[in-house]
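Reviewing the structure listed below.
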Amino acid sequence: MIQFSEELQQIARTVQKFVDNEVEPYANQIEETDHVPEHLLESAKQLGLYGMGIPEEYGGLGLGVVGKSLVLEKLGRTHNGFASIISAHTGIGSIGIVRLGSEYLKEKYLPDLAEGKRLAAFALSEPEAGSDATNIKTRAEKRGDRWILNGMKHFITNGPYADVFTVIAVNDPSKGIRGGFTAFAVEKDFPGFKVGATDKKMGLRGSHTAQLFFEDCAVPAENVIGEVGMGYASALKILAEGRCTLAARSYGSCLKLIELATEYAKQRIQFGKPIANNQGIQWILADMATETEVGRAFNYQVAQMFEQGQKVIKEAAMTKLFATETFNRVADRALQIFGGVGYMKEYAVERFYRDARITKIYEGTNEIQKNIIAAQLLKE
Numbered sequence: 001m002i003q004f005s006e007e008l009q010q011i012a013r014t015v016q017k018f019v020d021n022e023v024e025p026y027a028n029q030i031e032e033t034d035h036v037p038e039h040l041l042e043s044a045k046q047l048g049l050y051g052m053g054i055p056e057e058y059g060g061l062g063l064g065v066v067g068k069s070l071v072l073e074k075l076g077r078t079h080n081g082f083a084s085i086i087s088a089h090t091g092i093g094s095i096g097i098v099r100l101g102s103e104y105l106k107e108k109y110l111p112d113l114a115e116g117k118r119l120a121a122f123a124l125s126e127p128e129a130g131s132d133a134t135n136i137k138t139r140a141e142k143r144g145d146r147w148i149l150n151g152m153k154h155f156i157t158n159g160p161y162a163d164v165f166t167v168i169a170v171n172d173p174s175k176g177i178r179g180g181f182t183a184f185a186v187e188k189d190f191p192g193f194k195v196g197a198t199d200k201k202m203g204l205r206g207s208h209t210a211q212l213f214f215e216d217c218a219v220p221a222e223n224v225i226g227e228v229g230m231g232y233a234s235a236l237k238i239l240a241e242g243r244c245t246l247a248a249r250s251y252g253s254c255l256k257l258i259e260l261a262t263e264y265a266k267q268r269i270q271f272g273k274p275i276a277n278n279q280g281i282q283w284i285l286a287d288m289a290t291e292t293e294v295g296r297a298f299n300y301q302v303a304q305m306f307e308q309g310q311k312v313i314k315e316a317a318m319t320k321l322f323a324t325e326t327f328n329r330v331a332d333r334a335l336q337i338f339g340g341v342g343y344m345k346e347y348a349v350e351r352f353y354r355d356a357r358i359t360k361i362y363e364g365t366n367e368i369q370k371n372i373i374a375a376q377l378l379k380e
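No gaps in the numbering here: position 126 of the sequence shown is 126 in full-length UniProt numbering, and each next residue is one more.
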């Protein structure tokens, strides 16, 4: 396992204390109301969590992928809806501007994003372009000093309340993904931009998604992220880094579930003894812990590869695939240890079980991750 600096360890301890002592007591309330209390989000901003990956010169903490992964692992210990708001903002929502944006875009948006004065989101998915991201229909046409966007996006995390969106649109259908896609920074107040109805989901309550509509939406030419025509490549870079940090958050949830299941197994008495004394339960716990620790070690290796500038297309897909499959298995096994009470909403394991399911779908389905891995293997 990678060795963390003392500074990172201190940040991790602070975040864990925050989520365990301040966020977790509100988890059931978030679940019941489908709303994260504003004071929790404000506390997260004060801790610098909204700017964890934004360079210090723009007001952020300046954490690399390793540091972000460690923080998001700690956020994964608590309500995944709360964690999702922050991770979508600091991950795929703002990565594009941080990694690929011009100095103009960085100076314009990053300070506010770091402080949480503005919230970020990433808009790629469409009804006909989910797993097949090459089938995007949203169009971008250059008119003078502006780009005019027409189309729609859906299932956009933070969509109902985000202020700045990284939007991928097609500027030249004839070129397709090789020169025909462009990424734009779109503000919610730009003329022609509208947010649709908030989706009703199985889990991740408190974190909301929505459709976005672009009707002759005027975007200044200087709001292109990266190079014109290179939007598909930009999207891949953004998603690759996002997959690494999503994996970290998933492992944080796994570690919390292992804690909960272990403690319950020691307390639950059946046939005159704790169920933890049964070899069958012990083996379940052993499998949960082993898969989690193996996956965590690999994920931090991938995070370190990002920071070293290595090509990690295959490895990012691998870590997202393994982490989210592990999260779902751990959640299922934890619920089995809890038995009937684990199926009840007042227990955290029920919430984790539902929240785990989406991780195998968003930021690239796990089937797509396998395609990516296989394609890279065949190239090598």
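For every residue, glycine included, the Cβ atom is placed at its ideal position computed from N, Cα and C. Note that the structure is a prediction, hence the values are computed from the model and not measured.
Shown here, PHE190 sits in coil according to DSSP, grouped into three states, outside any helix or strand.
Taking all protein chains in view, the Cβ of PHE327 is crowded by 16 or more other Cβ atoms within 10 Å, so the residue is classified as buried.
When secondary structure is reduced to three states using DSSP, LEU100 falls in the helix class. Between GLU215 and GLY229, the C-beta gap is not smaller than 8 angstroms, which leaves the two residues out of contact. Our two residues, ASP112 and GLN301, have alpha carbons roughly 31 angstroms apart in a direct line.
Boundaries of the beta strand (DSSP E) around VAL164: 164-170.
Straight-line measurement puts the Cα of GLY272 at about 42 angstroms from the Cα of ILE361. Cβ contact annotation for GLY59 (same chain, cutoff 8 angstroms, sequence separation greater than five): GLY51, LEU110, PRO111, ALA114 and GLU115, in chain order.
For LYS273, the pairing in a beta bridge is given by DSSP as GLN270. With contacts defined as CB atoms closer than 8 angstroms, GLY76 and SER253 qualify as a contacting pair. Taking one beta carbon from each stretch, the region 316-325 and the region 336-353 have fewer than 3 pairs nearer than 8 angstroms; the two do not touch.
Between the region 178-190 and the region 200-208 there are fewer than three inter-stretch CB-CB distances shorter than 8 angstroms, so the stretches are not counted as touching. By the Cβ neighbour-count rule, GLY231 is buried, with 16 or more other Cβ atoms within 10 Å of its own.
Here DSSP, grouped into helix, strand and coil, assigns GLU126 to strand. Where GLY295 is concerned, there is no enclosing beta strand (DSSP E), although the alpha helix (DSSP H) around it starts and stops at 279-307. C-alpha of LYS74 to C-alpha of GLN16: approximately 5 angstroms in a straight line. In this structure, DSSP gives VAL224 an extended state, which the three-state scheme calls strand. Assignment of HIS154 by DSSP, reduced to helix, strand and coil, places it in the strand class. Secondary structure at ASP216: strand, using DSSP grouped into helix, strand and coil. Inter-residue distance for ASP332 and GLU241 is about 27 angstroms (C-alpha atoms, whole angstroms).
The alpha-carbon separation between PRO220 and ASP132 amounts to approximately 28 angstroms.
In summary, SER174 is exposed, with fewer than 16 beta-carbon neighbours lying within 10 Å of its beta-carbon over all protein chains present. Setting aside the 5 residues that flank it on each side, ALA88 is surrounded in the same chain by THR157 and ASN158, each with a C-beta closer than 6 angstroms to its C-beta; the list follows chain order. Cβ contact annotation for THR365 (same chain, cutoff 7 angstroms, sequence separation greater than five): SER131, in chain order.
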